[in-house]
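Numbering (the numbering used here), first residue to last: -5 to 118.
Glycine included, C-beta positions come from ideal geometry on N, C-alpha and C.
Report on the following structure.
Encoded structure:
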């Protein structure tokens, strides 16, 4: 029994250098896209803390306004490392209640706005 002789060109030898370069380029693009997505998520989550604290400051001011005889309230509050300016505008509504617009801003960061309704005797 004789085995048929196959030429060397017909024997698979593995991947060529060009195929390896293309595969590495594709994997590199996928890795860069993943790192970019992680960076975007980090940026978004990093901005969530000051935004949540601004909302908390607005909610705190709304609760302070509901207290009887709350007296003068500070126009600036500090929560953690952030300082927030609070602007409160009171006005009477058609139903005889008081609408309080609470606007919280910070220097270089996000702010928050909250609207609450108070008993009628709160308008100056």
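key: Nearest-angstrom Cα separation, counted from residue 58 out to residue 84   = 13 Å
request  = Return helix, strand or coil for residue 40, following the three-state DSSP convention.
outcome  = Note: residue 40 maps to helix in three-state DSSP.
task = Pull up the CB-CB distance for residue 21 and residue 60, whole angstroms please, since I reckon it's below 8 Å.
result = Not quite, the Cβ-Cβ distance comes to about 59 Å (not below 8 Å), so this is no contact.
query = Can residue 110 and residue 48 be called in contact, C-beta distance under 9 Å?
reply = Not in contact: residue 110 and residue 48 (Cβ atoms no closer than 9 Å).
key: Coil, strand or helix - residue 123 by DSSP   = This structure cannot settle anything about residue 123, because the visible part of the chain is limited to -5 through 118.
ask   = Is it the case that the Cβ atoms of residue 91 and residue 62 are separated by a distance below 9 Å?
value = No; because the gap between Cβ atoms is not below 9 Å, this pair is not in contact.
Contacts around residue 78, its chain only, beta-carbon distance under 8 Å, and the 5 residues preceding and following it disregarded = 47, 48, 51, 70, 71, 72, 98, 99, 100, 105
request  = Look up residue 98 in the DSSP assignment and give the residues it is bridged to.
outcome  = 80, 106
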